[in-house]
Amino acid sequence: MIHAYQLNGYHIILDVYSGSVHLVDEVAFDLIQLYENKSAEEVIELLLERYAGNPDVTREALSACIEQVEALRRAGKLYTEDLYAGKVFDFKGRNGVIKALCLHVAHTCNLTCDYCFASQGKYHGERALMTFEVGKQALDFLISHSGNRVNLEVDFFGGEPLMNWEVVKQLVAYARSREEECHKKFRFTLTTNGVLVNDEVIDFCNREMHNVVLSLDGRREVHDRLRRTVNGKGSYDLIVPKFQKFAASRGQKGYYVRGTFTHNNLDFTNDIFHMADLGFTELSMEPVVCSPDDPYALTEADLPVLFEQYEILAREMLRREEEGRGFTFYHYMIDLKGGPCIYKRIAGCGSGTEYLAVTPWGELFPCHQFVGDPAYSMGNVWDGVTNTALRDEFAQCNAYARPDCQNCWAKLYCSGGCAANAYHATGSIRGIYEYGCELFRKRIECAIMIQVARMQRKKSR
Amino acid sequence: MIRIETLDTRDLAQSVKDGGCGECQTSQEK
Numbered sequence: 004m005i006h007a008y009q010l011n012g013y014h015i016i017l018d019v020y021s022g023s024v025h026l027v028d029e030v031a032f033d034l035i036q037l038y039e040n041k042s043a044e045e046v047i048e049l050l051l052e053r054y055a056g057n058p059d060v061t062r063e064a065l066s067a068c069i070e071q072v073e074a075l076r077r078a079g080k081l082y083t084e085d086l087y088a089g090k091v092f093d094f095k096g097r098n099g100v101i102k103a104l105c106l107h108v109a110h111t112c113n114l115t116c117d118y119c120f121a122s123q124g125k126y127h128g129e130r131a132l133m134t135f136e137v138g139k140q141a142l143d144f145l146i147s148h149s150g151n152r153v154n155l156e157v158d159f160f161g162g163e164p165l166m167n168w169e170v171v172k173q174l175v176a177y178a179r180s181r182e183e184e185c186h187k188k189f190r191f192t193l194t195t196n197g198v199l200v201n202d203e204v205i206d207f208c209n210r211e212m213h214n215v216v217l218s219l220d221g222r223r224e225v226h227d228r229l230r231r232t233v234n235g236k237g238s239y240d241l242i243v244p245k246f247q248k249f250a251a252s253r254g255q256k257g258y259y260v261r262g263t264f265t266h267n268n269l270d271f272t273n274d275i276f277h278m279a280d281l282g283f284t285e286l287s288m289e290p291v292v293c294s295p296d297d298p299y300a301l302t303e304a305d306l307p308v309l310f311e312q313y314e315i316l317a318r319e320m321l322r323r324e325e326e327g328r329g330f331t332f333y334h335y336m337i338d339l340k341g342g343p344c345i346y347k348r349i350a351g352c353g354s355g356t357e358y359l360a361v362t363p364w365g366e367l368f369p370c371h372q373f374v375g376d377p378a379y380s381m382g383n384v385w386d387g388v389t390n391t392a393l394r395d396e397f398a399q400c401n402a403y404a405r406p407d408c409q410n411c412w413a414k415l416y417c418s419g420g421c422a423a424n425a426y427h428a429t430g431s432i433r434g435i436y437e438y439g440c441e442l443f444r445k446r447i448e449c450a451i452m453i454q455v456a457r458m459q460r461k462k463s464r
Numbered sequence: 002m003i004r005i006e007t008l009d010t011r012d013l014a015q016s017v018k019d020g021g022c023g024e025c026q027t028s029q030e031k
């Protein structure tokens, strides 16, 4: 399968199953698409007619191009067949260790963001803070179920985790105390809305947190419209100076400023550029996922606008890069040379198997987006995963388990997409959230184009 | 001259033969 597209003046051919990317001119772009299903002679006749006014398009030139295409086919870089579908059952037999936990240290929040999937931090349940004892048991559970794996990931999440800051610090200290004897290395992440960030939090995080995620939606009026305090006040002016200090103190690395865009700010690139202009360099902006009835929900009619926005973002990133003031956009980070192997690409994110969320009460869920749904309770940190049928269902939920993904060119980049989004959109973790797929495909096209542009830029120097 | 330029990319088919090491993070580790 190939995927051919034009973007930013480039003609790009992606060979789906080998991962090869080809930058071609207009004639080769047409030829490669036609030659997939037509004979060489048919292709030559069609293109001689199509490019009749072009003196460079001769029978000899087209024949030479077809020879080059055949060489790429023989090299396994074009028209590659799907080698993986038959092997998909092998992918289930991964080693079964748990690699990461999301610790919900606070099911409460000091903001009341309208679009919060966690229902203002409460996850449709009671307000609660995780005790040190529950958190300690969760860390012990992770250590004992992580096999020989050395690096373990722990996210401090909520709600707002800084509302349980003392326990966060105690849990970090406990984990560090177990590292040497257990031959483990913990990497912590903290996701915060910024309200309670202070110098002590910054200093501690800079010592202990591998990463911090700072929630900011962009321009003041955009951010304050949906991210307000319990008293109804906007939070932009309170948090931005703190985030600027936080990011600077980390040397502009090991953090993300992460926003959510909605129907209210379809020109979300202006929010990303605003973040960059505030001095932040590690950026992410996610489309809101919510009920279609919500007033800020994205609509089908918004899609063409969003596609254009992603293209604007890619072009502006290249321009700023050239000017020496580039920034990172999370979804455009793609490593064509050293990206993940095919096993990882098919198996997906690891939710429900390698990654679990822990509630303040120690209950286990497949990931943070399933927390609070009794149908997805998997066990607890004392007894472990007791709902093994559910774990097996997640283990088998991959790019090849979703019928809707079979003909999609992007399935080896998204691994079949987010199980939680699929579940909330279709009622099944093996469904797909088509709206998210549309945006994902556009982002991958842009990400690959950026790599192509960088290659061309390097060559011209 | 009709132009085809191929980027340097990881060969996914080769990574089947290599076998997955399982060291990847939940979601570039090994």
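Protein chains in written order, with this note's numbering: chain R, 4 to 464; chain P, 2 to 31. Just so it is clear, CB atoms sit at the ideal spot from N, CA and C, and this is done for glycine as well. Only a predicted model underlies this, so the values are computations on that prediction, with no experimental measurement involved.
List, in chain order, every chain A residue whose beta-carbon is nearer than 7 Å to that of residue i.
i	result
R:Val175	As a matter of chain content, chain A is missing from the structure shown, whose protein chains are R and P.
Taking 8 Å as the limit between beta carbons, can you name the residues of its chain near residue i, skipping five residues before and five after?
i	result
R:Arg446	Tyr313, His334, Tyr335
R:Met452	Leu10, Asn11, Tyr13, Ile15, Ala317
R:Leu393	Gly355, Pro369, Tyr379, Met381
P:Arg11	none
R:Thr129	The sequence shown places Glu at residue 129 of chain R, rather than the Thr named in the question. Within the same chain, R:Glu129 has close Cβ partners His110.
R:Phe92	Low local confidence applies: a pLDDT of 37 at R:Phe92 is under 50, so the model's placement there is unreliable, and no value is given.
R:Ser238	Leu114, Asn196, Gly197, Val198, His226, Asp227, Arg230, Arg231, Thr232
R:Ser431	Ala425
R:Leu50	Val30, Asp33, Leu34, Leu37, Val60, Leu65
R:Asn273	Gly221, Arg222
P:Glu30	With a pLDDT of 48 at P:Glu30, under the threshold of 50, the predicted position of this residue should be treated as unreliable, and no value is reported.
What residues from chain P crowd round residue i, counting only those whose CB sits closer than 7 Å?
i	result
R:Tyr358	Thr27
R:Asp28	Ile3, Arg4
R:Ile205	In chain order: nothing, as chain P lies at least about 25 Å away.
R:Ser21	Asp12, Leu13, Ala14
R:Met458	Leu8
R:Ile345	Leu13, Ser16, Val17
Excluding five sequence neighbours on each side, which residues of the same chain lie with their C-beta closer than 6 Å to the C-beta of residue i?
i	result
R:Val216	Thr194, Tyr259, Arg261
R:Asn196	Leu114, Glu163, Ser218
R:Arg223	Tyr239
R:Tyr416	Ile447
R:Ala103	Glu156, Tyr358
R:Cys105	Asp158, Phe160, Ala360, His371
Taking residue i as the query, report the chain P residues whose CB atoms sit under 8 Å from its CB, ordered along the chain.
i	result
R:Ser431	Per Cβ cutoff of 8 Å: no residues; R:Ser431 is ~21 Å from chain P at best.
R:Lys102	Gln26, Thr27
R:Cys352	Thr27, Ser28
R:Gly420	The contacting residues do not exist; R:Gly420 stays about 12 Å from chain P at best.
R:Gln454	Leu8
R:Glu156	Gln26, Thr27
R:Thr83	Ala14
R:Cys68	Ile3, Ile5
R:His25	Ile5, Glu6, Thr7, Leu8
Only counting the same chain, and skipping five residues up and downstream in sequence, which positions put a Cβ closer than 7 Å to that of residue i?
i	result
R:Gly79	Ser21
R:Arg76	Tyr82
R:Arg228	Asn267
R:Asn424	Val292, Tyr436, Gly439
R:Tyr126	His110, Val374, Gly375
R:Phe144	Val384, Gly387
R:Val19	Met4, Ile5, His6, Trp412, Leu415
Exposed or buried, which one is residue i when buried takes at least 16 other CB atoms within 10 Å?
i	result
R:Gln372	buried
R:Pro1	Since the first and last residues shown for chain R are 4 and 464, residue 1 of chain R lies out of range.
R:Trp168	buried
R:Asp206	exposed
R:Ala67	exposed
R:Lys245	buried
R:Ala304	exposed
R:Arg405	buried
R:Gln454	buried
R:Ser23	buried
R:Ala178	buried
R:Phe94	Because the pLDDT at R:Phe94 is just 49, under 50, the model does not fix this residue reliably, and the value given afterwards should be weighed accordingly. Label assigned to R:Phe94: buried.
R:Pro343	buried
R:Gly1	Nothing can be reported for residue 1 of chain R: it is not among the residues displayed for chain R, which extend from 4 to 464.
R:Ala450	buried
For a contact defined as C-beta to C-beta under 9 Å, what are the partners of residue i on chain P?
i	result
R:Gln71	Ile3, Ile5
Runs of alpha helix (DSSP H) wholly within the stretch 40-85 of chain R (minimum 4 residues, chain order): 43-53, 62-77
Any 3 or more C-beta pairs closer than 8 Å across the stretch 106-114 of chain R and the stretch 153-163 of chain R: Yes: the two stretches touch, three or more of their Cβ pairs being nearer than 8 Å.
Entirely enclosed beta strand (DSSP E) segments - the stretch 238-323 of chain R, minimum 3 residues: 258-264, 285-290
contact_flag[the stretch 130-141 of chain R, the stretch 360-374 of chain R] where n(CB pairs < 8 Å) is 3 or more: yes
contact_flag[the stretch 322-341 of chain R, the stretch 290-310 of chain R] where n(CB pairs < 8 Å) is 3 or more: In short, these stretches do not touch, since the Cβ pair count stays below three.
Given 8 Å, three or more beta-carbon pairs between the stretch 319-335 of chain R and the stretch 269-282 of chain R: yes
Secondary structure, beta strand (DSSP E): runs of 3+ residues fully inside the stretch 5-40 of chain R: Taking only runs of at least 3 residues, the beta strand (DSSP E) segments lying wholly in the stretch 5-40 of chain R are 5-10, 13-18, 23-27.
Continuous beta strand (DSSP E) assignments of at least 3 residues falling wholly in the stretch 204-232 of chain R: Correct list: 212-218.
Complete runs of the alpha helix (DSSP H) confined to the stretch 100-180 of chain R [at least 4 residues]: 135-147
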